[in-house]
Amino acid sequence: MDNASDYGSEDSRVLDRMAVKAPWLGFLLLVSLWGLSDPALLLRRLREHIQKFQESSSMNPGFGLSQGLVAVPKQGWLEQPLDPFNTSDRRTFLQRYWVNDRHRAGQDAPVFLHIGGEGSLGPGSVMAGHPVALAPAWGALVISLEHRFYGLSMPSGGLDMAQLRYLSSRHALADVASARQALSRLLNVSSSSPWICFGGSYAGSLATWTRLKFPHLVFAAVASSAPLSAVLDFYAYNEVVARSLSQVAIGGSQEVGGGPEVWRKEREREELRKAWPERGAA
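Heads up: the sequence shown at position 82 corresponds to 529 in the working numbering, and the numbers run straight through without jumps.
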């Protein structure tokens, strides 16, 4: 979606190169652009920049690690059903995962499963972060699973509208359950090994729901900043949508977006209902 903004093409590639060659310079440049670009887009780019820096620092001997101590993550692929709820649908897609077995203490060791959210997952997903920090103390095997329709885990047909019905948390949970069972066999994990799911934000919700829905497969979940409580008047979400609709690069405007104050005030919302009576019940 970066193509919908002036920021995200050449600037993005420059920052990516800086993530490896001069990580802090890239960070400072990103901060300096804060007032000139969409905050939500910049936050996403900052997250990607930090991930690239983590990958570089984790795998680069120049950061104090000898080459022999660096465990290069293993990349793998799982064939997953596109629609796991329709047994007559034989279509599949390849879902990417990463493995770091550097601290694994045998077949009975616990497994820390990092569930991916709305973004691609690189090798840094099993080289840095909460599950990786805990792995040495527990002798854990660390795995990350990329979310369907993100990164390289893209079904055939891509983001065609007809395909997007298969992009939901319900489908993502089915992927996690299927991956949990397949990876147990592929990586020779003991049936007594506890699996702990990790995730943050939306992925934190997925981790929690995985534990709730599949308690026989997952022993525990560690969820960071997971939005689990439903909010009736979730104006903050409307603000994000309004900012996106206001982007000139996609043909939007401030009039289209409306502005956050429109969404916060009940009086303005009532005026909108009167203006569009067919949406009044929404």
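Cβ atoms here follow ideal geometry from the backbone N, Cα and C, with glycine treated the same way.
Open item on the list: Is the separation between the beta-carbon of Trp524 and that of Ser591 shorter than 8 Å?
Closed with: Note that the C-beta distance between Trp524 and Ser591 is not below 8 Å.
TODO: Take Arg551 and list the residues in its own chain whose beta-carbon comes closer than 6 Å to its own, dropping the five residues that flank it on each side.
DONE: Leu588
TODO: Report the residue ranges of all alpha helix (DSSP H) runs contained in full by the region 571-641; include only those spanning at least 4 residues, in chain order.
DONE: 577-585 and 616-633
TODO: Would you kindly work out how many angstroms separate the C-alpha atoms of Ser638 and Ala629, rounded to a whole number?
DONE: 12 Å
Open item on the list: Determine whether the beta carbon atoms of Ala650 and Arg658 lie at a separation below 8 Å.
Closed with: no
Task: Pick from Ala677, Phe681 and Gln527 that is closest to Ser600, judged by C-alpha positions - done: Gln527
- [ ] Report yes or no: do the region 527-539 and the region 566-580 share at least 3 C-beta pairs separated by less than 8 Å?
- [x] Contact between the region 527-539 and the region 566-580 is absent, because fewer than three Cβ pairs lie under 8 Å.
Open item on the list: Do Ala654 and Ala670 have their beta-carbon atoms positioned less than 8 Å apart in this structure?
Closed with: Yes, these two residues count as a Cβ contact at 8 Å.
Task: First through last residue of the alpha helix (DSSP H) which encompasses Ser671 - done: Taken as a continuous stretch (DSSP letters only), Ser671 belongs to no alpha helix (DSSP H), being part of the beta strand (DSSP E) at Ala667 to Ser671.
Open item on the list: Please classify Arg595 as buried or exposed, where buried requires at least 16 neighbouring CB atoms within 10 angstroms.
Closed with: buried
Open item on the list: Just verifying my parser: in three-state terms, what is the DSSP assignment at Gly566?
Closed with: coil
Task: Rounded separation between Gln425 and Glu593 - CA only - done: For the chain, the structure presents residues 448 to 729; residue 425 sits outside this window and is missing.
TODO: Report the rounded CA-to-CA distance for Lys556 versus Pro583, giving the unit in angstroms.
DONE: Looking at the sequence itself, residue 556 is Ala, so the reference to Lys does not match. The alpha-carbon atoms of Ala556 and Pro583 are separated by roughly 11 Å.
Open item on the list: Do Ile562 and Val636 count as a contact pair if the criterion is CB distance below 8 Å?
Closed with: No; because the gap between Cβ atoms is not below 8 Å, this pair is not in contact.
- [ ] Flag Gly699 as yes if its beta-carbon sits less than 8 Å from any beta-carbon of chain C, otherwise no.
- [x] In the structure shown, chain C cannot be found, because there is only a single protein chain.
Open item on the list: Within a Cβ cutoff of 8 Å, which residues of the same chain sit near Gly586, ignoring the five residues on either side of it in sequence?
Closed with: His550, Arg551, Ala552, Gly553, Ala556 and Pro557
Task: As assigned by DSSP and simplified to three states, the class of Val558 - done: strand
TODO: State the CB to CB distance for the pair Ser625 and Pro531, rounded to an integer number of angstroms; the pair is presumed to be in contact (CB under 8 Å).
DONE: The Cβ separation is near 7 Å, so the contact holds.
TODO: Mark His618 as exposed unless 16 or more other C-beta atoms lie within 10 angstroms of its C-beta, in which case mark it buried.
DONE: buried
Task: Alpha-carbon spacing of Gly569 relative to Val665, whole angstroms - done: 24 Å
- [ ] Mind reading off the beta-carbon distance from Gly598 to Ser567? Whole number of angstroms is fine, and I expect it under 8 Å.
- [x] 3 Å
Task: Cβ-Cβ separation, Ser616 to Gly564 (assumed contact under 8 Å), whole Å - done: Actually they are not in contact, since the Cβ atoms of Gly564 and Ser616 sit about 10 Å apart, beyond 8 Å.
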